[in-house]
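A.B. asks: So in the numbering used here, the last one in the sequence shown is 189, and the numbering has no gaps at all.
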Amino acid sequence: MSYIVRSGVVTASTALLGESGQRYAYLTIDSTDVDTTAAPIRFNVQVFAITAERIVRIVESGHSPRVVFAGRLVVSETPTPEGRTVQEWNVGAEHLGISVEDELLMHVAQEAAL
């Protein structure tokens with residue numbers, strides 16, 4: 076297990092899971108390295124509590140925000156019937172930040188100013 080800090084774009088989320096006070100969700104976040112010609116790495120990121128509620132609301136409204144996430148990384152490998160190995164990158168997020176340059180935040184700020 077390692078600790079990771081990465082940025083990427085939220086491409087999907089589950090609905091909120093768990094009971095009140097113990098809510099969580101899983102995000103799919105695509106992250107690219109400096110070499111933008113390479114395929115992005117897809118992370119499955121688990122978020123909790125109010126963070127989960129807020130980011131799920133944003134994704135459900137049709138936005139794909141750019142985020143920075145940090146947490147424990149677990150990489151698992153699963154063999155396919157074709158004989159290949161598929162890697163899965165799972166992160167239990169301790170921190171999730173949304174880009175202030177995001178178009179969505181600009182829209183929210185404009186509405187709040189009215």
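By construction, the Cβ of each residue, glycine as well, lies at the ideal position given by its N, Cα and C atoms.
(1) Tell whether a beta-carbon distance below 9 angstroms holds between I33 and I133.
(2) Report, in whole angstroms, the separation of the C-beta atoms of S88 and V131, which I expect to be a contact under 8 angstroms.
(3) I need the boundaries of the alpha helix (DSSP H) containing A127, first residue and last residue.
(4) Assuming contact is defined by CB atoms lying nearer than 9 angstroms, are R98 and E135 in contact in what I supplied?
(5) Where E169 and V122 are concerned, what is the direct C-alpha to C-alpha distance, given to the nearest angstrom?
(6) Decide if V161 is buried, meaning its Cβ has at least 16 other Cβ atoms within 10 Å, or exposed.
(7) I125: which of L171, E152 and E157 sits nearest, CA to CA?
(8) Answer yes or no: do L167 and G137 have a C-beta to C-beta separation smaller than 9 angstroms?
(9) Where does R81 land, buried or exposed, given buried means 16+ other C-beta within 10 angstroms?
C.D. replies: Checking against the coordinates, here is how it stands:
(1) Since the first and last residues shown for the chain are 76 and 189, residue 33 lies out of range.
(2) S88 to V131, Cβ: 5 angstroms. Contact.
(3) A124 to E135
(4) no
(5) 8 angstroms
(6) exposed
(7) The candidate whose alpha carbon is nearest that of I125 is L171.
(8) The amino acid occupying residue 167 in the given sequence is Gly; Leu does not appear at that position. No, Cβ-Cβ distance for G167 and G137 is not below 9 angstroms.
(9) buried
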